[in-house]
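For what it's worth, my numbering labels the leading residue of the sequence shown as 8, then goes sequentially. Glycine included, each C-beta is placed from N, C-alpha and C at the ideal position. A short write-up of the structure that comes next.
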Amino acid sequence: MVSDSSLRNTPAGIPVIEGRILHQSSQMQLGSARKVECEIPFLALGDIAQAIANLAPEQKLKCKGFLAAKSQRFRHALVLHIDAFELLN
């Protein structure tokens, strides 16, 4: 994780956390390895949000989830909705 906001609750009482994670990987493109690094905004709800709130900012994670538009107005801005994660260190 790069940064995170503090854990808060939606008006319905669901825990939510938002922040940014740093993605680093090596991907194959046209037969050559390509180093990929980017910061991705994320959002997590419920038990996953509570678990992420307890992690150190430098913790390495393997995240699973889906990409969605930030909102109906900002369809070009994507957010990773984290459904599950695994600690890597």
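- By the 16-neighbour rule on beta-carbons within 10 angstroms, G38 is exposed.
- Contact between the region 40-53 and the region 22-30 is established, with three or more Cβ pairs separated by less than 8 angstroms.
- A distance below 8 angstroms between beta-carbons, with the five flanking residues on each side excluded, links H30 to the following residues of its chain, in chain order: V43, E44, C45, E46, I47.
- Taking a C-beta distance under 9 angstroms as the contact criterion, A76 and S13 do not qualify as a contact pair.
- For the 9 angstroms CB-CB criterion, L94 and Q66 form a contact.
- Linking N96 to Q57 through their CA atoms gives a straight-line distance of about 19 angstroms.
- Straight-line measurement puts the Cα of I89 at about 19 angstroms from the Cα of F81.
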